[in-house]
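S.K.: Residue numbers (the working numbering): 105 to 639.
What follows is a structure written as structure tokens; I'll ask about it next.
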């Protein structure tokens, strides 16, 4: 048995758990954690800000399906990452944040050390699914194993490990480290049979698919076809059942979708928390009371929340859908879900304003031009329109920060993480001029990493969505016109090919040029300088 430092063994443990990329900014308080990194197979990506490290880890996790890893310093490095962790918590994204913390004998004493917080771990416990301070160096393998087990077994979210500066260089025994084992809940056969019986008795079933159902597309597609159920997909589930006549890629906040749900004699909900950013975007309280609800979730706490279900199933979506199918062999659907789904789709499209339809048309143009593209969105008007209605071509090809926590500046770093997870696909970062300025410098990070990201800037000279909201509320707009820089000049300064579209009809050709590059590009659509722009 040989010995290595805690930092070196940490790298070994990450490799043993399949980590290929980490995002972080080294500092005096974490250099010992970098000791073994250069000799490992793990690629290190340096953002311009620790919040970017967290958002990169988020985007990487959403596309790869594996935990994203952020490595940050004590104090400000960790607090800078909190916003990204909160977004990951709200959207159930697996993220491991490894930080430093001051030496063990200083913790809790308030001596004014560099980067000191009153109670760093106490702060993290309010946000992370699991947070641990490594006081005993020999505990590192068990702590990392538990962290990955938490990330892989239940409802995903952020996990945190902090290592005191005086522990990082301590020697510990090393050896072969097995990967953590995921243990997901599985419903019993009797419960699944009850669910299947409810399905066989339903004449107008509907399936709701949330972000927690994204790994169960094949099983849910088969179930929907077996029982004749339209499938309504929330934002984080868009792309499931792409091309199926049963797919309804529209928000449950829309009147036509709500009518579909209100008319259903059975709703089967997979992996969705019924949160307002999916189910009540307009804050009108109009979501219907569901007649009979089967709710399947990997998080027992969600099953106890409203709306109340007639049958709650504590299980992953994949195993529950597969188990229900086993009891439905030979079943023929009582009613055809195709016409009901088509009615909901047509109704949802007609509810969009002409402006929103044009914005969704641009989203469709992206996928027609670049079929393999993944669109990573920020909180901007085109993304809001797409969240109401857009037919993504496959799962994990549409996600954004306009749901859940709603953090501006998410898309540029998240798109970089997505590009590293899927290097063969062009990543479209759909971001407004306001949101881009939250993380403008990450354009440089994309250039450093040769990330295949197309920054598609939707420039409406300020926070247009907020300005509209203020006007509608009878409030004189204030603070909604932050000046924007010359994005073309900034992209060029980073060595990124950049252009402003003269006409919206030029978008397909510009996308083809940008999508063919191995590294990043920047395109700008400006509401007054681009003919045909609608925002």
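Don't be surprised by glycine CBs; every beta carbon is placed ideally from N, CA and C.
Can you tell me which of the three DSSP states residue 303 falls into?
M.R.: Sequence index remark: in the chain shown, residue 303 carries index 199 (1-based). If DSSP states are grouped into helix, strand and coil, residue 303 belongs with the helices.
S.K.: Sort out for me which residues DSSP pairs residue 563 with in a bridge.
M.R.: Looking up residue 563 in the chain shown gives position 459. Paired residue(s): 630.
S.K.: Do you know how far the Cα of residue 464 is from the Cα of residue 518?
M.R.: Counting from one through the chain shown, the residue named residue 518 turns up at place 414. Counting from one through the chain shown, the residue named residue 464 turns up at place 360. Using only the alpha carbons, I get a separation of about 21 Å.
S.K.: Exposed or buried, what is residue 639 when buried is set at 16 or more other beta-carbons lying within 10 Å of its beta-carbon?
M.R.: Numbered from its first residue, the chain shown carries residue 639 at position 535. Because residue 639 carries a pLDDT of 46, less than 50, the predicted location of this residue cannot be relied on, and no value is offered for it.
S.K.: In whole angstroms, what separates the C-alpha of residue 373 from that of residue 108?
M.R.: In the chain shown, residue 373 corresponds to position 269, counting from 1. In the chain shown, residue 108 corresponds to position 4, counting from 1. The alpha-carbon atoms of residue 373 and residue 108 are separated by roughly 49 Å.
S.K.: Could you tell me whether the segment 271–285 touches the segment 403–415, using the rule of 3 or more Cβ pairs below 8 Å?
M.R.: They do not touch, by the three-pair rule.
S.K.: In chain order, what are the residue ranges of uninterrupted beta strand (DSSP E) at least 3 long that sit wholly in the segment 385–469?
M.R.: Runs of the beta strand (DSSP E) inside the segment 385–469: 397–401 and 415–418.
S.K.: Using the three-state DSSP reduction, which class does residue 607 fall into: helix, strand or coil?
M.R.: For the purposes of this step, residue 607 is taken as residue 503 along the chain shown, with counting starting at 1. Note: residue 607 maps to strand in three-state DSSP.
S.K.: What does a CB cutoff of less than 7 Å around residue 347 pick up in its chain, not counting 5 residues either side in sequence?
M.R.: Reading the chain shown from its first residue, position 243 is the one you call residue 347. Excluding positions up to five away in sequence, the list is empty.
S.K.: Name, in chain order, the residues that DSSP records as bridge partners for residue 374.
M.R.: As a first step, residue 374 is located in the chain shown; it is residue number 270 there, counting from the start. Beta-bridge pairing links residue 374 to 313 and 400.
S.K.: Is it true that the CB of residue 208 sits closer than 8 Å to the CB of residue 270?
M.R.: As a position in the chain shown, residue 270 is number 166, starting the count at 1. As a position in the chain shown, residue 208 is number 104, starting the count at 1. A contact, by the Cβ cut-off of 8 Å.
S.K.: Which stretch, first to last residue, makes up the beta strand (DSSP E) that contains residue 257?
M.R.: Looking up residue 257 in the chain shown gives position 153. That residue, residue 257, is in no beta strand (DSSP E); its alpha helix (DSSP H) goes 244–257.
S.K.: Closer than 8 Å is the cut-off here; do at least three beta carbon pairs connect the segment 256–263 with the segment 122–141?
M.R.: Touching, no, given that fewer than three Cβ pairs across the two stretches are closer than 8 Å.
S.K.: Looking at residue 509 and residue 191, is the spacing between their C-beta atoms short of 8 Å?
M.R.: Walking along the chain shown from the start, residue 191 turns up at place 87. Walking along the chain shown from the start, residue 509 turns up at place 405. Yes, they are a contact pair.
S.K.: Leaving out five residues on either side along the sequence, give the residues of the same chain with a beta carbon under 7 Å from the beta carbon of residue 618.
M.R.: Counted from its first residue, the chain shown places residue 618 at position 514. These residues qualify, in order along the chain: 558, 625 and 627.
S.K.: In whole angstroms, give me the CA-to-CA distance for residue 268 and residue 256.
M.R.: Sequence index remark: in the chain shown, residue 268 carries index 164 (1-based). Sequence index remark: in the chain shown, residue 256 carries index 152 (1-based). Approximately 26 Å, taken between the alpha carbons.
S.K.: What separation, rounded to the nearest whole angstrom, lies between the Cα atoms of residue 339 and residue 241?
M.R.: In the chain shown, residue 339 corresponds to position 235, counting from 1. In the chain shown, residue 241 corresponds to position 137, counting from 1. Using only the alpha carbons, I get a separation of about 42 Å.
S.K.: Residue 132: buried (16+ other C-beta within 10 angstroms of its C-beta) or exposed?
M.R.: Taking the chain shown and counting its residues from 1, the one referred to as residue 132 is at position 28. Exposed is the call here.
S.K.: Quick check: what's the CA-CA separation for residue 593 versus residue 602?
M.R.: Working through the chain shown from its first residue, we reach residue 593 at position 489. Working through the chain shown from its first residue, we reach residue 602 at position 498. Roughly 8 Å between the two C-alpha positions.
S.K.: Would you call the segment 139–156 and the segment 495–504 in contact, with 3 or more CB pairs under 8 Å?
M.R.: Because the criterion of three Cβ pairs below 8 Å is not met, the segment 139–156 and the segment 495–504 do not touch.
S.K.: Within this structure, are the beta carbons of residue 400 and residue 424 separated by less than 8 Å?
M.R.: Counting from one through the chain shown, the residue named residue 400 turns up at place 296. Counting from one through the chain shown, the residue named residue 424 turns up at place 320. Yes, the pair counts as a contact, with Cβ atoms nearer than the cut-off.
S.K.: Pull the bridge partners of residue 534 from the DSSP assignment, please.
M.R.: Here the question's residue 534 lines up with position 430 in the chain shown. Answer is 481 and 560, bridged to residue 534.
S.K.: Looking only at its own chain, which residues have a Cβ that is under 6 Å from the Cβ of residue 195, when we skip the five neighbours before and after it?
M.R.: Along the chain shown, one-based indexing puts residue 195 at 91. Cβ within range, chain order: 508.
S.K.: Determine the contact status of residue 158 and residue 188, defining contact as a CB-CB distance below 8 Å.
M.R.: Taking the chain shown and counting its residues from 1, the one referred to as residue 158 is at position 54. Taking the chain shown and counting its residues from 1, the one referred to as residue 188 is at position 84. Cβ distance < 8 Å, so residue 158 and residue 188 count as in contact.
S.K.: Counting only beta-carbon separations shorter than 8 Å, does residue 445 have a partner in chain D?
M.R.: Among the chains in the structure shown there is no chain D, since it carries only a single protein chain.
S.K.: Could you work out which residue in 394, 204, 294 and 252 is closest to residue 134 when comparing CA atoms only?
M.R.: Against the chain shown, residue 134 aligns to sequence position 30. Nearest of 394, 204, 294 and 252 to residue 134, Cα basis: 204.
S.K.: Does residue 620 pass the burial test, meaning 16 or more other C-beta atoms within 10 Å, or should it be called exposed?
M.R.: The residue given as residue 620 occupies position 516 in the chain shown. Burial call: exposed.
S.K.: Under a three-way DSSP split, which group does residue 128 fall into?
M.R.: The residue labelled residue 128 in the question sits at position 24 within the chain shown. Strand.
S.K.: Got a sec? Which residues, its chain only, sit under 7 Å from residue 221 by beta carbon, not counting five neighbours each side?
M.R.: For the purposes of this step, residue 221 is taken as the residue at position 117 of the chain shown. Excluding residues within five positions, the ones whose Cβ falls inside 7 Å are 179 and 227.
S.K.: For residue 175, I'd like the list of residues in its chain whose CB is within less than 6 Å of its CB, leaving aside the five on either flank, ordered along the chain.
M.R.: Here residue 175 is taken as the residue at index 71 of the chain shown, counted from 1. The answer, listed in chain order, is 126, 128 and 202.
S.K.: Could you spell out the range, first to last residue, of the alpha helix (DSSP H) harbouring residue 184?
M.R.: Along the chain shown, read from residue 1 onward, the residue named residue 184 stands at position 80. Where residue 184 is concerned, the enclosing alpha helix (DSSP H) stretches over 180–195.
S.K.: Assign residue 422 to buried or exposed, taking buried as 16 or more other Cβ atoms, counted over all protein chains shown, within 10 Å of its Cβ.
M.R.: Translated into positions along the chain shown, residue 422 becomes position 318. Burial call: buried.
S.K.: Across the segment 311–320 and the segment 408–419, are there enough close Cβ pairs to call them in contact, namely three or more that are closer than 8 Å?
M.R.: Cβ pair count under 8 Å is below three, so no.
S.K.: Could you tell me the alpha carbon to alpha carbon distance between residue 283 and residue 290, rounded to whole angstroms?
M.R.: To locate residue 283, count along the chain shown from 1; it is residue 179. To locate residue 290, count along the chain shown from 1; it is residue 186. Using only the alpha carbons, I get a separation of about 21 Å.
S.K.: Let me know if residue 573 comes out buried or exposed under the rule of 16 or more other beta-carbons within 10 Å of its beta-carbon.
M.R.: Position 469 of the chain shown, counted from the first residue, corresponds to residue 573. Classification of residue 573: exposed, given that the 10 Å Cβ count is below 16.
S.K.: Among 546, 238, 148 and 395, which residue has its Cα nearest to the Cα of residue 411?
M.R.: Against the chain shown, residue 411 aligns to sequence position 307. Residue 395 is the option with its Cα nearest to residue 411.
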